[in-house]
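Enquirer:
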Amino acid sequence: MARILVIAEHRNGALSEGTLELCKAAKAIASAAGAQPAAALLSKDGSLAAELAKYVPEVFTVSDGNLENYTADAYTQAVKAVVDAQDVKGVVIAHSYDGVDFAAKVAMALGCGIVSNCNKIEAQGGNITFTRNTYNGKIQEQKTVKTDKFVATFEKGAFDKEEAGGAGSVTAVSASISASRTKVKEVVETMAGSVDISQATIIVSGGRGTKDKDKYNDVIVNLAKKLGGEYAASRPVVDSGWTDAARQVGQSGKTVTPKLYIAAGISGAIQHVAGMKGSQCIVAINKDPEAPIFNIATYGIVGDLFEVIPAMMEAIG
Amino acid sequence: MKIVVCVKEVPDMESKFKIIGDSKIDESQIAFKMNDFDQYAVEAALQLKEKFGGEVMIVSAGPERVAKEVRQAFAMGADWGIQVQDPEVDAGDSFVVASALFGAIKTIGDVDLVLTGVQAEDDQAAVTGVMIADMMGVPHCTNVVKLDVDGKNMKVNRELEGGKNEVIEMAMPAVLSIQSGMNQPRYPTLPGIMKAKKKRLDVKKAAEVGCTAVGAAGSKTSFVKMFFPVSDHKAEIIQGDPKAAAATLVNKLKNEAKVL
Chain R
304 MARILVIAEH
314 RNGALSEGTL
324 ELCKAAKAIA
334 SAAGAQPAAA
344 LLSKDGSLAA
354 ELAKYVPEVF
364 TVSDGNLENY
374 TADAYTQAVK
384 AVVDAQDVKG
394 VVIAHSYDGV
404 DFAAKVAMAL
414 GCGIVSNCNK
424 IEAQGGNITF
434 TRNTYNGKIQ
444 EQKTVKTDKF
454 VATFEKGAFD
464 KEEAGGAGSV
474 TAVSASISAS
484 RTKVKEVVET
494 MAGSVDISQA
504 TIIVSGGRGT
514 KDKDKYNDVI
524 VNLAKKLGGE
534 YAASRPVVDS
544 GWTDAARQVG
554 QSGKTVTPKL
564 YIAAGISGAI
574 QHVAGMKGSQ
584 CIVAINKDPE
594 APIFNIATYG
604 IVGDLFEVIP
614 AMMEAIG
Chain U
13 MKIVVCVKEV
23 PDMESKFKII
33 GDSKIDESQI
43 AFKMNDFDQY
53 AVEAALQLKE
63 KFGGEVMIVS
73 AGPERVAKEV
83 RQAFAMGADW
93 GIQVQDPEVD
103 AGDSFVVASA
113 LFGAIKTIGD
123 VDLVLTGVQA
133 EDDQAAVTGV
143 MIADMMGVPH
153 CTNVVKLDVD
163 GKNMKVNREL
173 EGGKNEVIEM
183 AMPAVLSIQS
193 GMNQPRYPTL
203 PGIMKAKKKR
213 LDVKKAAEVG
223 CTAVGAAGSK
233 TSFVKMFFPV
243 SDHKAEIIQG
253 DPKAAAATLV
263 NKLKNEAKVL
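Chains R and U are the protein sequences, given in the same order. Position one of the first sequence corresponds to residue 304 (our numbering), numbered consecutively onward. Position one of the second sequence corresponds to residue 13 (our numbering), numbered consecutively onward.
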């Protein structure tokens, strides 16, 4: 039976949460496509294989010294080896930093189509339709793949995590992996700052809509101080140097779960939402009524944050 | 150093989007601009040229109006460019666009570096750069936030989740996708804008750059439809002028949500 193959993501001896979501996605695709879910563990020694086999009925391992660190070159060779050795219809990969780095290369190696950044699948007569975010999350599109095989990447949170419990088989796939042209030297921390916003119970966060550094300080920092909370930012604010990287919320920054998260001038791109959607109460202030942030907020005000926030300060007293 | 930057024109994401017949955006309501991420790639290329000398070329695919974005990159300081202007490319998927850009890059020859933005704001696919690298047979690195060049050798920081970077060593030729925040893209100067008008922009059809994968036939994926997302959760929108809305909000935060 054809397989839908998850490429497990792991770092520092642990599977990523995204991998468990992919196992769920693979199960959904497999049942729609008349295939069965499986996973591939590409690593130095296959030591996570038994752990991975709790989530899928079959695990294929490729073990090689050149797979000690993730690299696009080595991963692509290893995925190709599994696909060549087994009957694989689709390859599912996380739309993560690593996934984005190698998924398209796998599609090229297999000569197949890729649909990236998906959040949903539907089956129509055995054909898989992939739904994905476009236009900064404002519009969704559906795509299908024309080739026999496919590669799909899934955004984080698109599927629930698969429950552990099974005891799948583990099969080694032999492959000779040549050294990557990119050499991993080290992993460094770039957010070493004095502040840890992840502990705050109230966070006031500003985005591109805060316009400039002075205005960001005027509205965001002042409101945060008034509420006894911390101020934070979405990526464009940090990119522009209006505040420190340690205050960035989102996929590439901190994950926060305060009691109250006020998002002002933040459109709500998926990368930002990934870092704050667990907040207890979310307030969105944005002049664009179509901004995706309103889809996840508890309360929303459609308006100019430079009018709304001073009025809030006044109302707080 | 010969550096190519791939630039894409995208809608301004704050435009009022209207969908026509489940299949396309009503472009008459849209203001177009250069993809934000590509501005960082152009800036990175210009900084390399200033340090090591050489040439910066812009390649782009799209209809006639895309020349505006290419000339914006010229005004920033890029030297010349190629625009693949072919409806059959525009009708294709990422693989077709990557094939067309690769074709254009090949006609330039002996390119040391190809830089792209990490993704296009419209498609959000983040696959084209990796495909181009594969077609060129060179290594790539995505989400680059730092780049040190020493001859043909590079030390590259690749962004990871949670504020971490992976430090990678690799050699040219290569393709790098540049993450926002790596630099502060310069604004075009008035003399720059004047000069940009006279810079060379070659307009080519797909076949003229040796690209045979075009249109729906050359694509590996098919578009089905597009629609506005339906959320099962929508915020409670507080109405009224800013003052009234703010007062209601503060009241709700105190007494309803009990978070103040």
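Every residue gets a Cβ at the ideal spot worked out from N, C-alpha and C, and that includes glycine.
Strictly by DSSP, which residues pair up with R/Thr437?
Expert: R/Thr437 is bridged to R/Ile442.
Enquirer: The region 240 to 272 of chain U: which residues have C-beta closer than 8 Å to a C-beta of chain R, in chain order?
Expert: Taking 8 Å as the Cβ-Cβ cut-off against chain R, the residues of the region 240 to 272 of chain U that qualify are Phe240, Pro241, Ser243, His245, Lys246, Ala247, Glu248, Ile249, Ile250, Pro254, Lys255, Ala257, Ala258, Ala259, Leu261, Val262, Asn263, Lys264, Leu265, Ala269, Val271, Leu272.
Enquirer: Using a cut-off of 8 Å between C-beta atoms, extract the partners of R/Asn598 located in chain U.
Expert: Under the 8 Å cutoff, chain U gives Pro241, Ser243, His245, Lys246, Ala247.
Enquirer: How big is the Cα-Cα spacing for R/Asn420 and U/Glu67?
Expert: So the two alpha carbons sit approximately 34 Å from each other.
Enquirer: Tell me, please, whether the CB atom of R/Lys488 is closer than 7 Å to any CB atom in chain U?
Expert: Judged by the 7 Å Cβ criterion, R/Lys488 is in contact with chain U.
Enquirer: Just to confirm, are R/Val365 and R/Ala356 a CB contact at a threshold of 7 Å?
Expert: No, the Cβ-Cβ distance between R/Val365 and R/Ala356 is not below 7 Å.
Enquirer: Between the region 154 to 168 of chain U and the region 91 to 98 of chain U, do three or more beta carbon pairs fall short of 8 Å?
Expert: Too few Cβ pairs lie closer than 8 Å, so no.
Enquirer: May I ask you to report which of helix, strand or coil DSSP gives R/Thr485?
Expert: If DSSP states are grouped into helix, strand and coil, R/Thr485 belongs with coil.
Enquirer: Tell me the DSSP secondary structure of U/Thr224 in three-state form.
Expert: Three-state result, U/Thr224: coil.
Enquirer: What do you get for U/Glu173, buried or exposed, if any count of 16 or more other CB atoms within 10 angstroms of its CB means buried?
Expert: Looking at its Cβ environment, which holds 16 or more other Cβ atoms inside 10 Å, U/Glu173 is buried.
Enquirer: Please classify U/Phe239 as buried or exposed, where buried requires at least 16 neighbouring CB atoms within 10 angstroms.
Expert: By the 10 Å Cβ count, U/Phe239 comes out exposed.
Enquirer: Where R/Val690 and R/Gly578 are concerned, what is the direct C-alpha to C-alpha distance, given to the nearest angstrom?
Expert: Missing from the structure shown is residue 690 of chain R; chain R here goes from 304 to 620 and no further.
Enquirer: Does DSSP classify R/His313 as helix, strand or coil?
Expert: Strand.
Enquirer: Grouping DSSP H, G and I as helix and E and B as strand, with all else coil, what is R/Pro592?
Expert: Residue state, collapsed to three classes: coil.
Enquirer: Got a sec: is the Cβ-Cβ distance from R/Gln445 to anything in chain U below 7 Å?
Expert: Yes, contact with chain U.
Enquirer: Check whether the region 563 to 582 of chain R and the region 493 to 513 of chain R touch, using three or more Cβ-Cβ pairs below 8 Å as the test.
Expert: With the cut-off at 8 Å, the region 563 to 582 of chain R and the region 493 to 513 of chain R touch.
Enquirer: Please confirm whether R/Ala407 and U/Val271 have their CB atoms less than 7 Å apart.
Expert: No, Cβ-Cβ distance for R/Ala407 and U/Val271 is not below 7 Å.
Enquirer: Residues of chain U with a CB under 7 Å from the CB of R/Glu610: which are they?
Expert: Correct list: Pro254.
Enquirer: Under three-state DSSP, which class holds R/Lys529?
Expert: Note: R/Lys529 maps to helix in three-state DSSP.
Enquirer: Distance, Cα to Cα, U/Met13 vs R/Leu563?
Expert: Approximately 51 Å, taken between the alpha carbons.
Enquirer: Give the secondary structure of U/Thr257 by DSSP, where H, G and I count as helix, E and B as strand, and everything else as coil.
Expert: It should be noted that the sequence gives Ala, not Thr, for residue 257 of chain U. In the structure shown, U/Ala257 sits in a helix (DSSP, three-state: H, G or I).
Enquirer: Return the bridge partner residues of R/Ala397 from the DSSP annotation.
Expert: DSSP lists R/Phe457 as partners of R/Ala397.
Enquirer: From what residue to what residue does the alpha helix (DSSP H) around R/Arg538 run?
Expert: 538 to 542 is the extent of the alpha helix (DSSP H) around R/Arg538.
Enquirer: From R/Phe457 to R/Ala311, what does the alpha carbon distance come to, in whole angstroms?
Expert: Taking the straight line joining both Cα atoms gives about 13 Å.
Enquirer: How far does the alpha helix (DSSP H) with U/Glu81 in it extend, from its first residue to its last?
Expert: Here the alpha helix (DSSP H) through U/Glu81 covers 79 to 88.
Enquirer: Using the beta-carbon of each residue, which ones in chain R are nearer than 9 Å to U/Leu172?
Expert: Ordered by position in chain R, the residues that pass the 9 Å Cβ test against U/Leu172 are Arg314, Ser399, Tyr400, Asp401, Val490, Ser555.
Enquirer: For the region 42 to 49 of chain U against the region 188 to 200 of chain U, are there 3 or more C-beta pairs whose distance is under 8 Å?
Expert: Output reads yes: the region 188 to 200 of chain U touches the region 42 to 49 of chain U.
Enquirer: In chain U, what lies closer than 8 Å to R/Lys464 by C-beta?
Expert: Chain U residues near R/Lys464: none, gap ~17 Å exceeds 8 Å.
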